[in-house]
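Residue numbers (the UniProt record's numbering), protein chains in the order written: chain A, 1 to 543; chain B, 1 to 339.
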Amino acid sequence: MILGLPKRWSVSAFTLAGLLFTPFIALVIQALMPDQAVFGHLMETVLPTYIQNSLLLILLVSIGALLLATPAAWLVARCDFPGRSVFQWALLLPLAMPAYIVAYVYTDMLDYAGPVQKALRELFGWQSPADYWFPEVRSLGGAAVMLALVLFPYIYLLARTAFMEQSASLIHAARVMGCSPWRSFWRLNLPMARPALAVGVALVAMETAADFATVSYFAVPTLTTAVYDTWLGHGSLSAAAKLSVIILLVVFALIGMERFSRRKQQLYQKNSFHSGLERYALAGVKSLAASGYCALLLLLAFLLPFGILLDYALDYFEYSWTPEFFEYSANSLLLSALVSVLCMAIALILLFIQRISPDDRDALPARLASFGYALPGTVLAIGVLAPLTLADFGVNDLYALFDQRGPGLIFTGTLFALVFAFCIRFSAIAIGSLESSYKRISPSMDMAAVTMGEKPLGLLSRVHLPLLKKGLFAGMLLVFIEAMKELPAALLLRPVGYENLATYVFQYVSDEQLEYGALAAIVIVLVGLVPLIYLNRSLEQEN
Amino acid sequence: MKLVKQMTRAGVVCLAGVISWSAVAADKLTVYSYRQPFLIEPILKDFTKQTGTEVELVFAKDGLAERIAREGRLSPADIVLTSDFSRLQELVDKGLVAPVDSEVLEQNIPAQFRSPEDDWYALTMRVRNVYSSKERLGKLDLDYEDLGKPEFKGKICTRSGKHPYNIALVASMIAHHGEAETKKWLEGVKDNLARRPQGNDRAQVKAVKEGLCDIAIGNSYYLGKMVNDPKQIAWAEAVEINFPNQDNRGSHINVSGMALTKHAPNKADAVKLMEFLSSDKAQAAYAEVNYEYPVKAGVPLSGLVASWGKFKADKLAIQALADNHKAAVRLLDEVQFDL
């Protein structure tokens, strides 16, 4: 699109993106500082185990989520069986569950003192742990299962769309040539869906790399918990920054994989024509198995933990229905709303400039701003605090220069740090979501508007905005739900005395008394459900 | 066009609101606390009632020293409350505290419980006890050293070795036995664990009740808390509380304490609050509400704590815990205690 664009537009886009990129620079600078041999000590003792745990966890969760999601996605996209229309959207519900809450509920149920092992002991007359073997929930394997249970919908969502959009003519041809459904799945559907699966796996892996709460609750030491311990336990910011850089390397490898897969994906999805394709009607045992599988998945990943959460909340209602509960709910809602509006504004500005600028370099800010999503909350906190502290002192020194009393910690001591960090982390979601809507607006629309004398701002507000309304809303919802759930950054960056639902719930989880915070946990889940249901509906309308 | 302007305006208003969110009033005190709010808040309310000074309490489990260091001269913190000694020492080491010269504090707090330089003051003592299963072991007369002996194989439960309470215990072992012997002891204890270290002190007693292990390491006041919880009293009733090393040096004690920050915006009121925390009234509240041992002489114990009987405390200078803190952390990593 060629449009005379004032220079200051592109300058402001670069400034904005640069701001969102500062934590990376701050991290590298911190990592280069001396650290009194803390890092060396870690490397000699526990670091190898931490790295091994992190990588193993990412691998296990990826495989687990893939195995859970792919059959479900294929069944829902390609087969007809009782309950299909419900499972289609219901299998997204686990996304609204923070993993550490699921982890807590399952630990309560499955550990030595829980009802399951108790029942087994009574049934078989076992007396002590030495009498039998039972998998330990609080372990690396346990954490992998919990994370796979709540993260598999990422893969499910992408795979379902991929299976649905696969070219009907190809599959018809296979059927005509006598290919059984089973064989066509292995030889056609699955290979064609591979890029989508890879993108889903990359997302799951990134979420796993960022997880702090689950592994911390399970006492499985990984790189994210090591960052936290090193920073706040050993008191070495620099060693923590070095660890953070290791995490970033892992995450960038994952992003590279995702980008690579996406590029391939575009080759495969050329104008797929999918309306005429019929689903396999399953009957008898097969339909029972299909329904059973989806039902079991839904039960384990959502209904059961949510039911137990409800049960806690009812039992401890009088402890949880407090003024604090309302205060923290309001805090969470306001923060998430503010962050989602800001992120969408950032995305809109950057993408608009990228679209109408004749200069290819103006596509860079949007890419740069998307990097923040790679920063796990603990790492992000370190990257945000250092520059903001500098800014705080700068402002106060400026006041002092004029013999004025400074305003104090206006950046790190207020919600600013939290809002800033959340914008860094979640702008990528906003950009991704808005970008796909933008692509649907034909460039000829812009040309027409410009021919009719629209200035850039008019083009944005009178042509693009009305057409982007849906995409903006969807992106806002996605950011909102993520901001509601985000824990480690909130934990580390909140101003004094500030508490929201996530930090409040986690406090009870780490004190082993989630019962008292169950009501707050339910609010997080319910608020997360709304956008999921909305998004799914708009996806279905498109199909 | 209009919409964009409105959005910008809304954004600016929001940010301004956010920034002014925590304007600091001049006559207010800010307390950074490693101790749980439910315990401290009632005492602070009393203080406000008495003096009219509002107190804002900021609770965090970790990282307050780091935070004060970063905030530097702009920090709003006046006082830091800690739940163990290593965290007091960390504040001192990082140069974040200011000495307090107060006759009231000197009178209320015995010399062994305050720094010779007046830069920290202890408020309560806490004992690191060994709980044993009533049913399977009964009351024990044992030393910490015994926890590393093979007779307890697969019987011990504890929280993370890296928790400050356990680090302090290991530090005291180093002070008494040296590093080499302590490392051997730690390896023994690790071999005796019934499960990987996890949960808090309470969860260990619960595990004893459920039969997962026979011995739990935990601070004394947790027993008091469990006795007064309708659900947890059953756990408490399943264990005996033992005070280790009664035939020799005495049980390991740690202290909770307080310090004035170097850049405290409101020093005068802060010292008043510190004096208040060492007074009979506040000390009795610590004893009653949280079942701790007050440092001020003559303040009565809670009935429950008194019923556990008198015990001999390790006379090791508290400073020794701090001196051996780093070595303790290193040993815990070397034996991979938590892994």
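Even for Gly, the Cβ is constructed at its ideal location relative to N, Cα and C.
Sequence-distant residues of its chain with Cβ nearer than 6 Å to residue i (five each side left out)
i             : result
residue 530/A : none
residue 132/A : 126
residue 226/A : 50, 243
residue 284/B : 299
residue 319/A : 516
Rounded distance between the beta-carbons of residue j and residue i, thought under 8 Å
i             : j             : result
residue 278/A : residue 199/A : So it is not a contact: roughly 27 Å between Cβ atoms.
residue 294/A : residue 75/A  : 7 Å
residue 490/A : residue 524/A : No, residue 490/A and residue 524/A are not in contact; Cβ-Cβ is about 12 Å, not under 8 Å.
residue 374/A : residue 252/A : 7 Å
residue 100/A : residue 213/A : 4 Å
residue 165/B : residue 108/B : That belief does not hold up - the Cβ atoms of residue 165/B and residue 108/B are roughly 25 Å apart, past 8 Å.
residue 236/A : residue 36/A  : 7 Å
residue 171/B : residue 324/B : 4 Å
Reduced DSSP secondary structure (H/G/I, E/B, other) of residue i
i             : result
residue 504/A : helix
residue 59/B  : strand
residue 128/B : strand
residue 33/B  : strand
residue 102/A : helix
residue 240/B : strand
residue 268/A : Only weak support is given to the placement of residue 268/A: the predicted model assigns it a pLDDT of 49, under 50, and the value that follows is read from those uncertain coordinates. Helix.
residue 223/A : helix
residue 152/A : helix
residue 313/A : helix
residue 100/B : coil
residue 142/B : coil
residue 466/A : helix
residue 156/B : strand
residue 137/B : coil
residue 94/A  : helix
residue 113/A : coil
residue 293/A : helix
residue 222/B : helix
residue 337/B : coil
Host beta strand (DSSP E) of residue i (start-end)
i             : result
residue 258/B : 253 to 261
residue 219/B : 215 to 219
residue 82/B  : 79 to 82
Partner residues on chain B for residue i, Cβ-Cβ distance less than 9 Å
i             : result
residue 138/A : 195, 196, 198, 199
residue 221/A : 338, 339
residue 132/A : None at all; the shortest Cβ gap to chain B is about 12 Å.
Range of the contiguous alpha helix (DSSP H) that encloses residue i
i             : result
residue 435/A : 415 to 439
residue 331/A : 323 to 356
residue 396/A : 377 to 401
residue 53/A  : 47 to 78
residue 15/A  : 7 to 32
residue 89/B  : 85 to 93
residue 311/B : Per DSSP, residue 311/B belongs to no alpha helix (DSSP H) and is neither H nor E.
residue 179/A : No alpha helix (DSSP H) contains residue 179/A, which DSSP labels as neither H nor E.
residue 299/B : Where residue 299/B is concerned, there is no enclosing alpha helix (DSSP H), given that its DSSP letter is neither H nor E.
residue 230/A : Looking at the DSSP string, residue 230/A is not in any alpha helix (DSSP H), and its letter there is neither H nor E.
Within chain A, partners of residue i - CB distance below 8 Å
i             : result
residue 336/B : 45, 46, 49
residue 150/B : Ordered by position in chain A, no residue passes the 8 Å Cβ test against residue 150/B, which lies about 16 Å from the chain.
residue 160/B : 219
residue 58/B  : 496, 497
Residue i: contacting residues in chain A (beta-carbon distance under 9 Å)
i             : result
residue 333/B : 41, 42, 44, 45, 46
residue 76/B  : 408, 409, 413, 496
residue 153/B : Chain A residues near residue 153/B: none, gap ~11 Å exceeds 9 Å.
Contacts of residue i in chain B (Cβ-Cβ under 7 Å)
i             : result
residue 128/A : 211
residue 396/A : 74
residue 399/A : Simply none; closest approach about 11 Å.
residue 385/A : 70
residue 389/A : 70
residue 454/A : Simply none; closest approach about 10 Å.
Proximal residues of chain A, C-beta to C-beta of residue i below 7 Å
i             : result
residue 224/B : What residue 224/B touches in chain A: nothing, since even the nearest Cβ is about 16 Å away.
Close-in-space but distant-in-sequence residues of the same chain around residue i (CB under 8 Å, 5 per side omitted)
i             : result
residue 104/A : 217, 509, 514
residue 314/B : 172, 245, 249, 250, 251, 252, 253
Per-residue contacts from residue i into chain B (C-beta, under 8 Å)
i             : result
residue 232/A : 62, 63, 66
Neighbourhood of residue i by C-beta distance below 7 Å, restricted to the same chain and skipping five residues each side
i            : result
residue 48/B : 54, 55
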